[in-house]
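Each number in the numbering used here comes from the position in the sequence shown (counting from 1) with 177 added on.
Report on the structure given below.
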Amino acid sequence: MTAESTVLGRDGWTPDGKSDPLMTRRGGLIGAPLSRLDGALKVTGTAPFAAEIPLDGMVYASLLYSTVARGRVRLDTSEAERASGVVLVMTHRNAPRLNPPPGFLTAEKAMSGDGLEVMAGDQVRWNGQPVALVLAETQEQADHARSLIRAAYETEPAVTGFAEAKARGTEVGAFAGEPLSLAAGDAEAALEGAAHKVDAVYTTPRHNHNAIEPHAATLAWDGDELFVHDTTQGVRHEAWTLAEIFGIPEDQVHVSSPYLGGGFGGKGVWQHQILAAAAARLAGRPVRVALSREGVYRLVGGRAATEQRLAIGAGADGRFEAIVHTGTVAKGRHSVLPEPFVMGTMGMYSSGSLKLEVRSANLDALSNTFMRAPGAAVGTFALESAVDELACQMGIDPIELRLRNEPETDPVTRKPFSSRNLVAAYRTGAERFGWSERDATPGTRRDGEWRTGLGTAATSFDYVRMPGGAARITITRDGRARIDIAAHEMGMGTATAQTQVAAERLGLPADKVTFAYGDSSQPGLVMAGGSQQTASIGAAVIAAHRELAGELLKLAGEDSPLAGLTPDEVGTADGGLAAIEDPDRRESYEALLDGAGRDEISAEGVAPPPTESGEWSMHSYGALFCEVGVSEVTGETRVRRFLGSFDCGRILNAKTAASQFRGGIIMGLGLALMEETLFDERTGRIVNPSLSEYHVPVHADVPPIDILWTDIPDPHAPMGARGVGEIGITGVGAAIANAIYNATGKRVRDLPIT
178 MTAESTVLGR DGWTPDGKSD PLMTRRGGLI GAPLSRLDGA LKVTGTAPFA
228 AEIPLDGMVY ASLLYSTVAR GRVRLDTSEA ERASGVVLVM THRNAPRLNP
278 PPGFLTAEKA MSGDGLEVMA GDQVRWNGQP VALVLAETQE QADHARSLIR
328 AAYETEPAVT GFAEAKARGT EVGAFAGEPL SLAAGDAEAA LEGAAHKVDA
378 VYTTPRHNHN AIEPHAATLA WDGDELFVHD TTQGVRHEAW TLAEIFGIPE
428 DQVHVSSPYL GGGFGGKGVW QHQILAAAAA RLAGRPVRVA LSREGVYRLV
478 GGRAATEQRL AIGAGADGRF EAIVHTGTVA KGRHSVLPEP FVMGTMGMYS
528 SGSLKLEVRS ANLDALSNTF MRAPGAAVGT FALESAVDEL ACQMGIDPIE
578 LRLRNEPETD PVTRKPFSSR NLVAAYRTGA ERFGWSERDA TPGTRRDGEW
628 RTGLGTAATS FDYVRMPGGA ARITITRDGR ARIDIAAHEM GMGTATAQTQ
678 VAAERLGLPA DKVTFAYGDS SQPGLVMAGG SQQTASIGAA VIAAHRELAG
728 ELLKLAGEDS PLAGLTPDEV GTADGGLAAI EDPDRRESYE ALLDGAGRDE
778 ISAEGVAPPP TESGEWSMHS YGALFCEVGV SEVTGETRVR RFLGSFDCGR
828 ILNAKTAASQ FRGGIIMGLG LALMEETLFD ERTGRIVNPS LSEYHVPVHA
878 DVPPIDILWT DIPDPHAPMG ARGVGEIGIT GVGAAIANAI YNATGKRVRD
928 LPIT
């Protein structure tokens with residue numbers, strides 16, 4: 178295990194799964210801990226975010242949110258309309274009629290939170306729905322005028338309690354078009370007859386998005402063209418979605434998103450962008466809408482509450498004979514995303530039988546949505562807690578029990594694993610952490626008033642690469658390159674890591690490569706979500722590079738050392754092309770362009786359909802270890818140290834990857850110990866919509882976090898790399914709960930652990 182780079186060389190991934198002749202073995206860039214190229218802009222405050230784009234004649238928006246969960250609203254806006262600086266008050270009475278938004282996953286480019294028509298009538302569907310929008314010359318004037326609007330409601334019966342929603346009936350959920358229900362063998366019968374078993378219920382609460390940059394957009398119309406500067410995880414997806422809503426061609430919507438101050442699944446299209454665009458059209462003025470922290474809670478969905486049954490039956494030898502993972506999620510009635518908590522269970526352990534099912538109970542509440550490691554983050558809390566409990570019951574080391582149930586092929590699909598080195602990650606992590614010091618008897622280690630304990634959990638997250646990736650590469654006569662792709666930088670170092678990959682691929686130093694992203698005019702349909710952006714970019718750049726090599730060879734004259742060669746016969750080295758079999762046959766980019774009298778040359782490539790995950794079972798993996806202290810006086814839990822040992826294929830940048838792993842673990846600390854959206858089931862209202870009441874980890878909560886990884890390339894993934902963005906949070910809740918049990922002898926099955 179090492180944080181150093183391993184260069185893949187000519188045995189790299191290609192779209193057809195064969196060897197990659199355009200990737201020569203050099204080393205040095207890929208995997209190196211290059212500091213983020215945008216770091217100076219971020220720390221000096223000169224990176225432009227969506228709420229900082231200046232537009233002439235701009236007015237500011239303020240939203241009024243409903244205070245009932247279901248009913249009809251009557252509005253008196255007369256006083257607000259007379260207030261100083263007010264340009265427009267928009268309600269259902271004067272808002273333009275728009276097409277219903279295409280909800281997440283309902284179409285390839287669909288990115289809106291739900292399919293509800295926006296401000297189309299007086300009906301209220303959740304507590305927090307926008308019912309009016311004010312435009313004014315300043316933000317303060319807009320906020321003041323909003324406070325002058327008088328809203329009265331005719332309430333209707335609403336389902337706002339989880340128990341009531343379950344009593345009214347549940348339905349099997351679906352994720353990415355597939356039902357979240359499967360069975361292999363008779364798991365209940367196998368469980369009943371097992372020599373050893375655990376069977377328990379685990380609950381997790383609602384969670385809300387709290388990116389450091391709240392949602393904001395600055396936008397304007399120019400005739401029938403809409404220009405949007407937004408904080409979004411999908412510029413091309415948003416352009417298509419807004420075009421569908423406003424009934425205009427997609428190429429008339431232009432979305433830019435140069436920087437995001439964090440995005441964990443919630444930076445899609447919600448009602449604020451739609452309402453701001455509608456109001457801008459009515460007023461004939463550019464508009465800025467910037468949600469307050471409370472506004473994010475009212476308008477943007479988060480992770481749904483879950484109630485999970487997790488049962489494992491094992492034989493005397495510890496081999497799993499049955500795994501049952503079923504339960505219910507509390508879903509907003511109009512949401513298309515039930516929290517898929519069984520996803521991690523599907524591919525984790527070998528078992529003689531399986532029963533997996535997620536059911537949805539519909540509430541009159543804000544639609545829930547993706548949140549870092551959807552399903553897996555909370556599902557592994559149940560799975561990995563149960564594995565630990567079974568190990569303790571049987572007197573087997575928790576790591577040993579996991580290794581005894583390591584599958585040879587995917588437990589559900591029976592596909593071979595593309596690359597699975599979880600055992601290596603576990604063994605190296607255990608040695609580095611000092612797992613051998615663990616006392617198997619709970620409550621035996623003490624440090625003053627603190628009882629201390631060690632815990633572990635395994636983690637996995639699916640490999641994803643969505644279709645539609647494309648990229649354009651431009652080489653200039655002075656030996657510089659520019660990569661254009663409609664990708665996103667939301668804090669994870671995309672531009673830096675992809676600059677390294679492209680530079681090595683093109684045979685150029687990193688300072689001669691520019692990675693341009695974040696605009697819907699650029700090629701490619703790439704979403705920053707599902708830990709799939711890196712693979713999508715990589716596949717697109719590979720395709721574009723092969724096209725570029727062909728175009729460069731067309732420029733080679735008959736006297737060129739490259740004359741007669743095909744793209745499959747050349748590689749890149751030292752700022753040019755060279756024959757693979759005879760590296761002395763080479764010519765620089767400058768010489769090729771000079772000879773043809775060209776200042777630059779461009780080529781665009783489209784990534785092939787993502788078939789790799791159809792042939793292989795592909796996941797990122799990890800082994801997590803933590804030490805906790807639990808006060809005998811107050812019951813407070815403090816995480817003293819944490820280690821994550823990961824198997825995510827090839828690591829492209831040691832520094833940014835380590836930051837992603839640590840960030841995920843820190844978010845997992847919040848999931849385990851403090852994060853909880855307090856939902857008043859009497860009214861359907863979120864009652865802690867601020868960072869003073871919704872707690873996330875701060876510096877004092879975060880212990881030393883050690884990170885290591887296998888750095889073993891996956892031969893079936895672009896660049897050999899699998900996702901690192903969501904694997905860090907997955908399993909953290911269970912690792913902490915298991916450490917608490919080791920410290921105290923107390924099993925905790927409900928999050929957060931207070």
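Every residue, glycine too, gets a C-beta built ideally from N, C-alpha and C.
The three-state secondary structure of Y474, taken from DSSP, is helix. Here P307 is bridged, per DSSP, to Y242. Secondary structure of L770 (DSSP, three-state): helix. A straight line joining the alpha-carbon of A601 with that of E402 spans about 54 Å. Note that the C-beta distance between R817 and P874 is not below 8 Å. Excluding its 5 nearest sequence neighbours in each direction, M288 has C-beta neighbours in its own chain below 7 Å: F281, G411, H414, E415, T418, G445, V446, listed in chain order.
S867 counts as exposed, since fewer than 16 other beta carbons sit within 10 angstroms of its beta carbon.
Out of S433, L252, E789, the CA that lies nearest to the CA of S698 is found in S433.
CA-to-CA, the gap between I576 and A687 works out to about 42 Å.
If you keep only unbroken alpha helix (DSSP H) runs of at least 4 residues inside the region 284-352, you get 316-324, 339-344. Considering only A456, F610, L325, A488, the residue with the shortest C-alpha distance to H373 is A488. Per the Cβ contact rule, the region 319-327 is in contact with the region 253-265 (3 or more Cβ pairs under 8 Å). Listed in chain order, the non-local C-beta contacts of L742 below 7 Å within the same chain comprise L730, A756, local neighbours out to five positions each way being set aside. Around the Cβ of H449, a 10 Å sphere holds 16 or more other Cβ atoms; the residue is buried.
Comparing C-alpha distances from D616 to each of I843, T676, G292, A916 shows the shortest one belongs to A916. Between I650 and S779, the C-beta spacing is below 8 Å. In the three-state DSSP reduction, M667 falls in the coil class, being neither helix nor strand.
Taking C-beta separations shorter than 7 Å and ignoring five residues to either side along the sequence, the partners of T676 in its chain run L214, A687, V690, F692, following chain order. Comparing C-alpha distances from T629 to each of E813, H876, W793 shows the shortest one belongs to E813. Note that the C-beta distance between N539 and A342 is below 8 Å. V473 and P391 have their alpha carbons spaced roughly 7 Å apart. In this model, S239 and P277 are separated by some 22 Å (Cα to Cα). Within 10 angstroms of the beta-carbon of A499 lie 16 or more other beta-carbons, which makes it buried. According to the DSSP assignment, F838 belongs to the alpha helix (DSSP H) that extends over 831-850. Taking C-beta separations shorter than 8 Å and ignoring five residues to either side along the sequence, the partners of E809 in its chain run E626, W627, R628, following chain order. Classified as buried, Q485 has 16 or more neighbouring CB atoms from the shown chains inside 10 Å of its CB.
Shown here, P356 sits in a strand according to DSSP, grouped into three states. Checking the DSSP bridge columns, you'll see H384 partnered with R480.
By the beta-carbon neighbour count (other beta carbons within 10 angstroms, threshold 16), I389 is exposed. Looking at the DSSP output, M267 bridges to L310. The straight-line gap separating the alpha-carbon atoms of V909 and R383 is approximately 17 Å. A911 is positioned such that its CB atom lies no closer than 8 Å to that of F638.
For K508, no alpha helix (DSSP H) segment is defined; the enclosing uninterrupted segment is the beta strand (DSSP E) at 497-509. Along the region 586-672, the beta strand (DSSP E) occurs as fully enclosed runs of 3 or more residues at 622-624, 627-639, 647-653, 658-661, listed in sequence order. One Cα belongs to A680, the other to L829, and the distance between them is close to 12 Å.
For Y436, the three-state secondary structure derived from DSSP is coil.
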